[in-house]
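Residue numbers (this note's numbering): 68 to 520.
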Amino acid sequence: MPEADGADEALNRVNMHSKPSDLRIIDMRVAEIVGAPFTSALLKIYTNQGIVGLGEVRDGASATYALMLKSRLLGENPCDIDRLFRRIKQFGGHGRQGGGVSAVEIALWDLAGKAYGVPIYQMLGGRFREKVRVYCDTDATVPSGTETGKRLKQRMELGFTFLKMDLGLMQIADVPGAVVSPAGSLEGYRDHPRRGALKTIEERRVRNAVYDLHNVPHPFTGLHFSDKGLDFLEQYIAEVREVIGMDVPLAIDHIGHISVQNGIRLARRIEEYVPAWLEDVIPWQYTEQYQRLQDATTVPICTGEDIYLKEGFEPLLRSGGVSVIHPDLLTSGGILETKKIGDMAQDHGVSMAIHMAESPIAAMAAAHVATATENFMALEYHSADVDWWDDIVTGLPKPLVKNGFITVPDKPGLGIDDVVDEVISLHLRPGVTDIWQPTDHWDDEYSWDRTWS
Ligand SMILES: [Mg+2]
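Structure representation (structure tokens):
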């Protein structure tokens, strides 16, 4: 017997042109990793013909969102992507709750592509572009715009042609007089709910309190930027532009949990620095507030990474409240749904950027959609500083993101040959002891799921 990697690869080749009609799902397993730079669960869907489909549960989400779907998929032909998606889509939701359905949908496309020997972008209608523009996100953790500008300049020297940075609450939270805040509320945002096993009731109580604080929607936080705070933020972006120049697109994220009125004030202050977009100023659900925000500024307003399904984007697009949409394939419902979302946005004269903060599996899923959707603008990339990111998989160009672009190979499915267990095993989520563990306990999960009588 050849070694395991070689065997998988050989099986993939043997079965590419075998019998798609007889292909059946027989198992589903996960490998949960951290530090890529985020936490995510890589997903494998196994078949009776030896080919394996790869998917990924969104950054920060629970693998349970995918595993609970297993019993509803076993025995099915994975090539019936849309039919199976419609069966399971009721078990997804906005934000990370869309992570399970989306992970499965991507793995089904990978399997269908491998079964028929066709790249995913081709099954979506073919290419609009030879390579996919990638934008490099850079967390602005330093209080100096000039320093952040230098970091962004380094990204440009690596070949990136599109940038994003933070500009908002967390840069001025420690500046006296910059933020108006109800006593105690600002401190809570510095802490994040931690994963992992908790030992005492008190530990659980503390985590729940932090969790609740982070779930207060923007209009109800009572946080406001003062003129001093806005001066600081304007100065910050001015310094960044001073270093990187005006020619390169620069998107803005992580404004903070502030009101739409503060969003308008900030947007107007930074118009002259021509941001590519201002992202998630307020929760995407507030359609009328988005409309007010976009009407009040020339900065393109953007949201979408937490919206599940096409119908979630529809009111925003109809209202004119957004100029750029920003779905994450691992929340939106996966590959076909994001293609549909992009096409719908195009009908409204709105372009599509794609949010992505996971492994090369998620990156390739997004890159296939980006290749096959006309109004695509740029795909997010968070892992420029993670030196093992490319080593998670085999079969792709290395590095995958080269000179600021991804070139999608002309290979079946996602285009990935395999995942590298040795690399994944070095980055297990704390509390997880192994990868691709049996999930038999999900085989018989069942309920009468119909939502009408
Ligand atoms: Mg964002």
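Glycine residues also receive a C-beta, built at the ideal position from the N, C-alpha and C atoms.
Run of the alpha helix (DSSP H) containing residue i, from where it starts to where it stops
{"i": "Ala-433", "result": "427 to 438"}
{"i": "Asp-414", "result": "402 to 414"}
{"i": "Ser-386", "result": "377 to 386"}
{"i": "Lys-181", "result": "166 to 183"}
{"i": "Asp-488", "result": "488 to 492"}
{"i": "Glu-556", "result": "There is no way to answer for residue 556, as the model of the chain reaches only from 68 to 520."}
{"i": "Leu-446", "result": "Counting along the chain, Leu-446 falls outside any alpha helix (DSSP H), though it belongs to the beta strand (DSSP E) covering 443 to 448."}
{"i": "Met-190", "result": "187 to 190"}
{"i": "Gln-504", "result": "Taken as a continuous stretch (DSSP letters only), Gln-504 belongs to no alpha helix (DSSP H), as it is neither H nor E."}
{"i": "Gln-238", "result": "236 to 239"}
DSSP state of residue i mapped onto helix, strand, coil
{"i": "Val-105", "result": "First, the amino acid is wrong: residue 105 is Phe here, not Val. The answer is coil: DSSP assigns Phe-105 none of H, G, I, E or B."}
{"i": "Met-313", "result": "coil"}
{"i": "Glu-269", "result": "helix"}
{"i": "Ile-118", "result": "coil"}
{"i": "Glu-339", "result": "helix"}
{"i": "Val-468", "result": "strand"}
{"i": "Arg-150", "result": "helix"}
{"i": "Ser-211", "result": "coil"}
{"i": "Arg-96", "result": "strand"}
{"i": "Leu-110", "result": "strand"}
{"i": "Glu-70", "result": "Unreliable positioning characterises Glu-70 in this predicted model, as indicated by a pLDDT of 46, which lies under 50. The coordinate reading is nonetheless provided below. The answer is coil: DSSP assigns Glu-70 none of H, G, I, E or B."}
{"i": "Ile-483", "result": "coil"}
{"i": "Tyr-256", "result": "helix"}
{"i": "Glu-143", "result": "coil"}
{"i": "Val-307", "result": "helix"}
{"i": "Ala-133", "result": "helix"}
{"i": "Glu-123", "result": "strand"}
{"i": "Leu-225", "result": "coil"}
{"i": "Ile-155", "result": "helix"}
CB of residue i within 8 Å of CB of residue j, strictly
{"i": "Pro-479", "j": "Val-185", "result": "yes"}
{"i": "Gly-192", "j": "Arg-163", "result": "no"}
{"i": "Glu-447", "j": "Met-135", "result": "no"}
{"i": "Gly-401", "j": "Ile-173", "result": "yes"}
{"i": "His-435", "j": "Leu-481", "result": "yes"}
{"i": "Tyr-188", "j": "Thr-438", "result": "yes"}
{"i": "Met-232", "j": "Leu-317", "result": "yes"}
{"i": "Glu-355", "j": "His-422", "result": "no"}
{"i": "Thr-280", "j": "Gly-255", "result": "Per the sequence shown, the amino acid found at residue 280 is Leu instead of Thr. Result yes, Cβ atoms of Leu-280 and Gly-255 sit closer than 8 Å."}
Residue range of the beta strand (DSSP E) that includes residue i
{"i": "Leu-333", "result": "Where Leu-333 is concerned, there is no enclosing beta strand (DSSP E), although the alpha helix (DSSP H) it sits in stretches over 327 to 336."}
{"i": "Arg-200", "result": "199 to 205"}
{"i": "Ala-368", "result": "Correcting the residue identity first, residue 368 is Ile in this sequence and not Ala. Taken as a continuous stretch (DSSP letters only), the beta strand (DSSP E) holding Ile-368 covers 368 to 370."}
{"i": "Ile-421", "result": "418 to 421"}
{"i": "Leu-397", "result": "Counting along the chain, Leu-397 falls outside any beta strand (DSSP E), though it belongs to the alpha helix (DSSP H) covering 396 to 399."}
{"i": "Leu-230", "result": "230 to 233"}
8 Å contact criterion, which residue i and residue j should meet: CB distance rounded
{"i": "Gln-361", "j": "Gly-323", "result": "Rounded, the Cβ-Cβ distance is 19 Å, inconsistent with contact."}
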